[in-house]
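Worksheet for the structure shown next.
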Amino acid sequence: MNLPNDMLKLEYREICEKDNAVMADIIRGNLRAYGLDIPGTAYFDTSLDNLSEYYRGDDRSYLVFIKDGQVAGGAGFAPFSGFEDCVELQKLYLKDEVKGGGTGYQMLDVIEKRAAAYGYKRMYLETHSCLEAAIHIYEKSGYVRIEKPEQVVHSTMDRFYIKELDR
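Residue numbers (my numbering): 23 to 189.
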């Protein structure tokens, strides 16, 4: 995906321990805003308060995105056993003040390239039908809707997508 130069304003880096509380707040705030602060969503993931530990490893990554020196959001991936050579896009969330203007597209592009650099061939994601802006980004970015895989962890999610990654 080619991004216009005016979108390229976010810096990013690997998550570290000092980012854990900020990202947990961003994620929980987003889920709460859409009534998804319920069981079967990332809201109750045991790793949510310690993302830097969960994403430490050779097969996964989580990046925080920085705007004006502050963590503005994050996105990560970890292996997904439902498909061969596949990772799951996980916890792509932004602060409200940085939504729009292509930020979500930029984050998705960066995380896809990182997953491809790790050797993965496809990226899977699960979302909820009430997250219309996210669904728009995913579909416009080439994700294809699929049936619910057996390996779904977040039982409340009701939309499932996959994309072949560019290598």
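All C-beta atoms, glycine included, are put in the ideal place defined by N, C-alpha and C.
Taking 8 Å as the cut-off, decide whether the C-beta atoms of M145 and E154 are in contact. Position 123 of the sequence shown, counted from the start, is the residue given in the question as residue 145. Position 132 of the sequence shown, counted from the start, is the residue given in the question as residue 154. No.
Integer-rounded CB distance, given that Y165 should sit under 8 Å from K185: Indexing the sequence shown from 1 puts residue 185 at position 163. Indexing the sequence shown from 1 puts residue 165 at position 143. Yes, they are in contact, since the Cβ atoms of K185 and Y165 sit about 5 Å apart, within 8 Å.
Apart from the five residues on each side of it in sequence, which residues of its chain come closer than 7 Å, Cβ to Cβ, to A64? The count along the sequence shown starts at 1 and reaches residue 64 at position 42. Result list for A64: I49, L53, L70, K113 and H176, in chain order.
Nearest-angstrom Cα distance between S151 and Q173? The residue you call residue 151 lines up with position 129 of the sequence shown. The residue you call residue 173 lines up with position 151 of the sequence shown. Whole-angstrom Cα-Cα distance: 19 Å.
Can K117 and G95 be called in contact, C-beta distance under 8 Å? On the sequence shown, residue 117 is found 95 positions in, with the first residue counted as 1. On the sequence shown, residue 95 is found 73 positions in, with the first residue counted as 1. Cβ atoms of K117 and G95: closer than 8 Å.
Could you give the first and the last residue of the continuous alpha helix (DSSP H) run that contains G51? Start at 1 with the first residue of the sequence shown, and residue 51 comes out as number 29. Its alpha helix (DSSP H) spans residues N42 to A55.
Residue(s) in a DSSP beta bridge with G96: As a position in the sequence shown, residue 96 is number 74, starting the count at 1. Paired residues: V86 and Y115.
Beta-carbon within less than 7 Å of D28's beta-carbon, same chain only, minus the 5 sequence neighbours each way: which residues are those? On the sequence shown, position 6 is the one that residue 28 refers to. Residue placement at D28 is flagged as unreliable, the pLDDT there being 45, under the threshold of 50; the coordinate-derived value follows with that caveat. Around D28: no qualifying Cβ.
For D81, which residues from the same chain have a beta carbon less than 6 Å from its beta carbon, with the 5 sequence-adjacent residues on both sides left out? Along the sequence shown, read from residue 1 onward, the residue named residue 81 stands at position 59. Once the five neighbours on either side are set aside, the close Cβ partners of D81 are P101.
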